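Worksheet: one structure, shown below.
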Amino acid sequence: MNQDVLDVLERSRVHGVVIWPLVADIIDSFRLAMATEQVDAATIDTVVKTVADYATNNYDD
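Just so we're on the same page, this note's numbering is the position in the sequence shown counted from 1, plus 4.
Given below as structure tokens:
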């Protein structure tokens, strides 16, 4: 799952797409899934960390 998220973020960056709305959508989707018990909190934490690490490593702001 994390690799899928990283692939989307990388393709977005390469094509010049602003990722922040995408990041918000990813996080909101996982929060909704967690609320309906489709995804556990540990998975959410892992995905959020993956997105944060990617942003830190690839963006200055």
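Using N, Cα and C, we set each Cβ at its ideal position, and we do this for glycine too.
Since the model is a prediction, treat every value here as computed from it, not as a measurement.
Item: Closer than 7 angstroms: is that where the CB of R15 sits relative to any heavy atom of the ligand SAH?; Value: The ligand SAH is absent from the structure shown, which contains no ligand whatsoever.
Item: Run the CB neighbour count on M22, radius 10 Å, all protein chains shown included, and call it buried at 16 or more, exposed below.; Value: Reading off the sequence, residue 22 comes out as Val, not Met. The residue in question, V22, is exposed, as its Cβ has fewer than 16 Cβ neighbours within 10 Å.
Item: Whose C-beta lies closer than 6 angstroms to the C-beta of I48 among residues of the same chain, with five residues either side of it excluded?; Value: F34, M38
Item: In whole angstroms, what separates the C-alpha of H19 from that of K53?; Value: 23 angstroms
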